[in-house]
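K.L.:
Taken in order, the sequence shown gives residues 1 to 288; the numbers are from UniProt numbering.
C-beta: ideal position from N, C-alpha, C; glycine also.
Before we start, here is the structure in question, set down as structure tokens.
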Amino acid sequence: MSAPGATDASAATAGARGSLALRGVRKSYHGTEILRGIDLDVAPGEVVCLIGPSGGGKSTLLRCINQLESLDGGVVAVDGELVGYTAHAGHLTEASDRETSRVRRNLGMVFQQFNLFGHLTAVQNVATGPVKVLGRRKAEAERRARELLASVGLAEHAGKYPSQLSGGQQQRVAIARALAMEPAILLFDEPTSALDPELVGEVLAVMKSLAAGGTTMVVVTHEMGFAREVADTVVFMEGGVVVEQGPPAQLFGAPRSPRTAAFLRRSGGEAHSGEAQDADSDAEAAIS
């Protein structure tokens, strides 16, 4: 891996809790460059939706943010702290696993697949992380887990095992599990893609509620309606680069790039200017 520059690091580390900064992020697999120098800033409380064709690098970007994939170049900073590096006197060195894990705790991630422990109940799935990682007492963790399950509409299902829950319910347990770790930022990697169509709405409703509550979120999604309604910023990625980004009304209603416009036509996300303005008003109401 090429060492990131001190200039990149200093630009990325001026952030408050809930902030995210990427500078020059690169990632390759088997000689093919998947991410080609991504710069991105997310402010505390902001909802950013990443859209674009499959294979464009969106999910890889989330995995790099969370250090599930190592970077080949560039830096990521969460709450103003570098992920995977430490800075000393203008020089960067790779951080210890312990230090990297400490910073990563500020990131929660919800995957396409639910990844719940099949032998644990919903409340146990949510409480396990705080007990084992944060050192919470079991009774305290389970009390908080029940509160979080109630907040995602699953109070009556706390004692059920994953096999007894629908896909939408399992994904809501996964969201509660991520929230239980008290992250500053939530990352969502196409959280509805594995769900039957009739179950998508219940998961999106929880995500809308989180957005309205001021949770910082970065969401990879193919749900154009959700991105238009909830996002503060929409980022269109293709070929490992950010082609265009902006407020939903601008990007959906009057995209600057022909590549963005072509994608929106194919995905059914194109909006007339009046529709885009209405969607922007709805988004402002949702997060106010």
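#1: Under three-state DSSP, which class holds G80?
#2: Helix, strand or coil: which one does DSSP assign to L40?
#3: Quick check on A286: does DSSP put it in helix, strand or coil?
#4: Taking Cβ positions, are L148 and R172 nearer each other than 7 angstroms?
#5: Is the stretch 177–193 touching the stretch 126–134 in the sense that three or more CB pairs, one from each, lie closer than 8 angstroms?
#6: Hey, could you find the ends of the alpha helix (DSSP H) D97 is sitting in?
#7: Within the same chain, show all residues whose beta-carbon is closer than 7 angstroms to that of S28, passing over the 5 residues directly before and after it, in chain order.
#8: If L87 sits next to A21, beta carbons under 8 angstroms apart, how far is it from one beta carbon to the other, in whole angstroms?
#9: Pull up the CB-CB distance for G84 and Q112, whole angstroms please, since I reckon it's below 8 angstroms.
#10: Measure the Cβ-Cβ separation of G52 and M207 and say whether it is below 7 angstroms.
#11: Please state if the CB of T121 and the CB of K159 are separated by a distance shorter than 7 angstroms.
#12: Using 10 angstroms around the beta-carbon of G118, count the other beta-carbons present and answer buried if the total reaches 16, otherwise exposed.
#13: Using 10 angstroms around the beta-carbon of R98, count the other beta-carbons present and answer buried if the total reaches 16, otherwise exposed.
#14: Report, in whole angstroms, the separation of the C-beta atoms of G167 and A194, which I expect to be a contact under 8 angstroms.
#15: Could you tell me which uninterrupted beta strand (DSSP E) segments, each at least 3 residues in length, are contained entirely in the stretch 47–77, listed from first to last along the chain?
#16: What is the C-beta distance between V203 and C49, in whole angstroms, given that I count them as a contact (C-beta under 8 angstroms)?
#17: Tell whether a beta-carbon distance below 7 angstroms holds between A231 and P248.
#18: Indicate the three-state DSSP secondary structure (helix, strand or coil) for F226 in the structure shown.
#19: Can you tell me whether G24 is helix, strand or coil according to DSSP?
#20: Starting from E94, follow the beta strand (DSSP E) in both directions and report where the run begins and ends.
#21: What first and last residue would you give for the alpha helix (DSSP H) that runs through T233?
#22: Under 7 angstroms Cβ to Cβ from S19, same chain only, skipping five residues before and after it: list those, please.
#23: Please work out which residues of its chain come closer than 7 angstroms, Cβ to Cβ, to R259, disregarding the five sequence neighbours upstream and downstream, and give them in chain order.
#24: Residue range of the beta strand (DSSP E) that F188 falls in?
#25: To which residues of the same chain is G56 closer than 6 angstroms at the C-beta, ignoring the five residues directly before and after it?
#26: Could you tell me the distance, in whole angstroms, from the CA atom of E198 to the CA atom of L92?
#27: Which one of A139, E140 and F114 has the shortest CA to CA distance from L165?
#28: G24: which of Q124, I65, L264 and V218 sits nearest, CA to CA?
#29: Could you name the residues that DSSP lists as bridge partners for Y29?
#30: At which residue ranges does the stretch 127–172 contain complete alpha helix (DSSP H) runs of 4 or more residues, listed in the order of the chain?
#31: How long is the line joining the alpha carbons of Q250 and S163, rounded to whole angstroms?
P.N.:
Taking the definition as stated:
#1: coil
#2: Look at L40 here: in three-state DSSP terms it is strand.
#3: In this prediction, A286 scores a pLDDT of 31, lower than 50, which makes its location untrustworthy; the coordinate-derived value is nonetheless stated afterwards. Reduced to three states, the DSSP call for A286 is helix.
#4: no
#5: yes
#6: D97 to R104
#7: I34 and D72
#8: Rather than Leu, the amino acid found at residue 87 in this sequence is Ala. With 8 angstroms as the limit, A87 and A21 do not qualify as a contact, their Cβ atoms being about 14 angstroms apart.
#9: Contact check for G84 and Q112: beta-carbon distance about 24 angstroms, past the 8 angstroms limit, so the pair fails to qualify.
#10: no
#11: With the sequence shown as reference, residue 159 is identified as Gly, and Lys is not the correct amino acid for it. Yes.
#12: Classification of G118: exposed, given that the 10 Å Cβ count is below 16.
#13: exposed
#14: 7 angstroms
#15: You should have 47–51.
#16: Not really, about 15 angstroms apart at Cβ, beyond 8 angstroms.
#17: yes
#18: helix
#19: Strand, per DSSP.
#20: Start and end: H91 to E94.
#21: For T233, there is no enclosing alpha helix (DSSP H); the enclosing beta strand (DSSP E) covers residues T233 to E238.
#22: Hits under 7 angstroms: V42, A43, P44, D79 and G80.
#23: E238 and V243
#24: Counting along the chain, the beta strand (DSSP E) containing F188 begins and ends at I185 to D189.
#25: M237 and E238
#26: 48 angstroms
#27: Here the closest residue by C-alpha is F114.
#28: I65
#29: T32
#30: 138–151
#31: 43 angstroms
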